[in-house]
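My numbering applies: residue 224 is where the sequence shown begins, and numbers increase by one. We treat Cβ as the ideally placed atom computed from N, Cα and C, and that holds for glycine. Taking it in order: structure first as structure tokens, then the write-up.
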Amino acid sequence: MFVLTINLGSSFFQHSVLVVQDLFGGKSISSVDPLLYFQNYELYIGDSPNYAANPKCAGGPYMQTSDSKSFVFVTYTYSGSPTVSGDMWKFGREIWCNMQGQYMTIVADLNHLAGHTSAQAPNGYVMGLCNLAIFGARYKRTTPVPSAIEIVVATTATIDVEKITSDAVFRVVNTLDITLRQKTGQEHAWVTFFQETLVTRVQFAPDIFVAPGVYTVVLESYDLASGVKSTLMTDTIVVTVLPVECGAPLKHVFETTQPIVLVKEYNPTVFFPA
224 MFVLTINLGS
234 SFFQHSVLVV
244 QDLFGGKSIS
254 SVDPLLYFQN
264 YELYIGDSPN
274 YAANPKCAGG
284 PYMQTSDSKS
294 FVFVTYTYSG
304 SPTVSGDMWK
314 FGREIWCNMQ
324 GQYMTIVADL
334 NHLAGHTSAQ
344 APNGYVMGLC
354 NLAIFGARYK
364 RTTPVPSAIE
374 IVVATTATID
384 VEKITSDAVF
394 RVVNTLDITL
404 RQKTGQEHAW
414 VTFFQETLVT
424 RVQFAPDIFV
434 APGVYTVVLE
444 SYDLASGVKS
454 TLMTDTIVVT
464 VLPVECGAPL
474 KHVFETTQPI
484 VLVKEYNPTV
494 FFPA
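Here is the structure:
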């Protein structure tokens, strides 16, 4: 088992990790032995120094000899030799993780190579890393998002959420088009967004069909100009929806395009939330 942990010193948003292995002098298709391939590894990113407590990047294990995507078809002539064609090991890969964390750990499970030897690796597998790069940023905002709000049924509350920016030390050259959304699978229909230049206006408007109680609203900041639109920052707001007080007027009780007809001797009853 090969384990290498990188401590970045503080938590960063790690967009991608570039892993490039040593070539060990092998350049042609036939001269590189599989026992020299840096293979079958996972990436763990998070804020725990114990990599097993951090989530894994999606898509692993990476660079497997049984995976055709780990090879590239080439045709070339080397040092005056006859033309050679075939699949060549890629010797590296850039892995898009888009995860937050202080630590990045590479864990390569090489148990399947135990006991195997070859002319190039007479004592068993021999492999190493040549280059390792982590591409990321640190996102921030000056004004924090409130962690909790209270709102009465059939009323409206609005907060302005400042758009995040990238830490100046990273010299981001592209323009970020930061936008808010709710976390997939945890959306509330009574939460809507209005995009402004510097802030996103978040409106909370639970109608009378929303039961009083405590709700969790998860806001995700992402770059609309990005192709993958990864979540760059997450904010959680605990929203307490309170019942209507006795005697308080209700608005927008219901909407209809049809006329309302009251039948003689019919006594309508209105039920208010408890």
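Are there 16 or more other CB atoms within 10 angstroms of the CB of residue i, so buried, or fewer, so exposed?
i: Thr423; result: buried
i: Met169; result: Past the edges of the chain, shown from 224 to 497, lies residue 169, and the structure says nothing about it.
i: Cys280; result: buried
i: Tyr299; result: exposed
i: Phe427; result: buried
i: Ser444; result: buried
i: Asn230; result: exposed
i: Ser389; result: buried
i: Asn354; result: exposed
i: Val297; result: exposed
i: Val242; result: buried
i: Pro369; result: exposed
i: Ala377; result: buried
i: Asn321; result: buried
i: Met224; result: exposed
i: Ala434; result: exposed
i: Val451; result: exposed
Using DSSP's beta-bridge definition, name the partner residues of residue i.
i: Arg424; result: Asp383, Phe417
i: Ser389; result: Tyr362
i: Leu465; result: Val375
i: Asn309; result: The amino acid at residue 309 is misidentified as Asn; the sequence shows Gly. Per DSSP, Val297.
i: Thr457; result: Glu443
i: Tyr285; result: Tyr264
i: Val433; result: Its beta-bridge partners do not exist; DSSP assigns none.
i: Thr407; result: Per DSSP, none; premise fails for Thr407.
i: Tyr438; result: Val462
i: Gly315; result: Val243
i: Thr328; result: Thr228, Tyr267
Please state whether DSSP places residue i in a helix, a strand or coil.
i: Leu241; result: strand
i: Leu399; result: coil
i: Phe225; result: strand
i: Asn321; result: strand
i: Leu333; result: coil
i: Val233; result: Note on identity: in this sequence residue 233 is Ser, with Val being the wrong assignment. Strand.
i: His475; result: Model confidence at His475 stands at a pLDDT of 47, short of 50, so the residue's coordinates are unreliable; what they give is reported in the following sentence. If DSSP states are grouped into helix, strand and coil, His475 belongs with coil.
i: Lys452; result: coil
i: Ser341; result: coil
i: Ser291; result: helix
Between which two residues does the beta strand (DSSP E) harbouring residue i extend?
i: Phe358; result: 352-360
i: Leu246; result: Segment: none, Leu246 is in no beta strand (DSSP E) and carries neither H nor E.
At a Cβ threshold of 8 Å, is residue i touching chain B?
i: Val464; result: Checking the listed chains, one finds no chain B in this structure; it contains a single protein chain.
In chain order, each beta strand (DSSP E) run of at least 3 residues that lies wholly inside the stretch 251-283: Runs of the beta strand (DSSP E) inside the stretch 251-283: 264-269.
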